[in-house]
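Here is the structure we will look at.
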Amino acid sequence: MSHLIGRRARLVLGPRITSNISSPIISPIQLLPGTRYHTQDATQKSSWTHPVYTQEQIQSVQIAHKNATNLPDKLALGTVRFLRWGMDFVTGYRSSTALTNNTMTEQKWITRFIFLESVAGVPGMVAGMLRHLKSIRRMKRDHGWIETLLEEAYNERMHLLTFLKLSSPGRPMRLMVLGSQCVFFTGFSIAYLLSPRICHRFVGYLEEEAVITYTKAITDLDSGLLPKWEETKIPDMAVKYWQMPEGKRDMRSLLLYVRADEAKHRDVNHTLGSLDQDRDCNPFSAKFRTQAGKAKEVLGENMRGFELGARKERV
Ligand SMILES: [Fe+2]
Ligand SMILES: [Fe+2]
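Have a look at this one:
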């Protein structure tokens, strides 16, 4: 991270140069034990400043699904559905559209979010790391994929940190996260080495599920099933990260912002899963604006495969 120095440091004024330069010269940073410094003022934004969503953008997010038309896609979809079943079991999730039969409380939702986000933060980091190593190993450029993948991992971790401000998991939950991270990190790393394309498709389907989960939570909130959230004050870090406007800093807005991020991850990963992993530039990278046409083309192809709203019965 360019904006932080993870070590203790201090700035030291160096000697004046006696020539025509009159201002003091700042020497390279020297380490000073016992003090933590930042290279930028703490009020400055992070390197991965979140783009500002409009209210229209976050309200218009829809549940979508890309049809699995070939064997690799079906494999990715089947794996995600199996994992969702496991997560439903672990987090005590009970789908219900009947108001009288709802079993999801505010606490159960937060538990589910925390577990979901702790898993969701893995793929982007693994994919970014493996592409980084590949670039070094092959001594070739990466075509802009790494930054998008690492930014996705950062974004997922911000989701997790936000929900952790609302609830502190106990030891069983922490053990569960530890266990799932060991298994998922190992499995996803091996899978990404074997077939990055299937892995991006897998993440696309995983993000479809995330959009479904947040949509259901918003629906429950709107139905009056989660009264505590109507009074809940959302964390300041969320307000700053998403740059949430005045009057839109409640729990419902927070869920809308997070859901918009998940929809973006869904579309990005479905697109990356349709590209040539070695040759194509990442069309979402700022460095490859000229590829924007290609992104539209690929995303358009995906969107035609989406069955908007077709899976609402599964939420
Ligand atoms: Fe997330
Ligand atoms: Fe996500």
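Following the working numbering, the numbering of the sequence shown begins with 61 at its first residue and continues without gaps. Note that beta-carbon positions come from the ideal geometry of N, C-alpha and C, so glycine has one too.
List the whole-angstrom C-beta distance separating residue i from residue j, where the pair is believed to meet the contact cut-off of C-beta under 8 Å.
i    : j    : result
M236 : Y301 : Wrong, their Cβ atoms sit about 26 Å apart, outside the cutoff.
I250 : A136 : Contact doesn't hold; Cβ gap of about 15 Å is too wide.
H203 : D340 : 7 Å
I113 : Y317 : In the sequence on display, residue 113 carries Tyr and not Ile. Contact flag correct, Cβ pair sits at about 6 Å.
I294 : L314 : 5 Å
G264 : G307 : G264 to G307, Cβ: 34 Å. No contact.
Confirm, please, whether the CB-CB distance from residue j to residue i is below 9 Å.
i    : j    : result
P256 : E212 : no
Y252 : V186 : yes
I123 : E268 : yes
A270 : H325 : yes
A298 : K194 : no
N342 : E166 : no
R309 : V121 : no
T139 : F262 : yes
Answer yes or no: the CB of residue i versus the heavy atoms of ligand 2, is any distance below 8 Å?
i    : result
H325 : yes
S180 : Correcting the residue type first, residue 180 is Ala in the shown sequence and not Ser. Answer for A180: yes, Cβ within range of ligand 2.
E211 : no
N215 : yes
E291 : no
E322 : yes
Would the beta-carbon of residue i be found less than 8 Å away from any heavy atom of ligand 1?
i    : result
E269 : no
H110 : no
H219 : yes
V318 : yes
L176 : yes
Could you tell me which of the options sits nearest to residue i, measuring between CA atoms?
i    : options                   : result
M189 : F248, G230, R326 and F223 : F248
R234 : T275, L286, E216 and E177 : E177
I170 : K200, M311 and H110       : M311
G181 : L266, T163 and N342       : L266
F344 : S240, L210 and L286       : L210
P287 : L254, L143, P111 and M164 : M164
H125 : Q303, H330 and S107       : H330
Q337 : H260, P229 and S227       : H260
G108 : Q303, G239 and A128       : It is Trp, not Gly, that sits at residue 108 in the sequence shown. Comparing Cα-Cα distances from W108 to each of Q303, G239 and A128, the minimum goes to Q303.
Y153 : W289, I272 and T292       : I272
L285 : M147, M199 and K168       : K168
W289 : Q119, S227, P232 and V243 : S227
M147 : L220, S283, D133 and S240 : S240
For residue i, count neighbouring C-beta atoms within 10 Å of its own C-beta (all shown protein chains included) and say buried if the count is 16 or more, exposed if not.
i    : result
A323 : buried
L131 : exposed
I196 : exposed
E373 : At E373 the pLDDT is 34, less than 50, meaning the model places this residue with poor confidence and gives no usable figure here.
R172 : buried
V328 : buried
F142 : exposed
E216 : buried
D296 : exposed
R191 : buried
F149 : exposed
L335 : buried
T222 : buried
W145 : exposed
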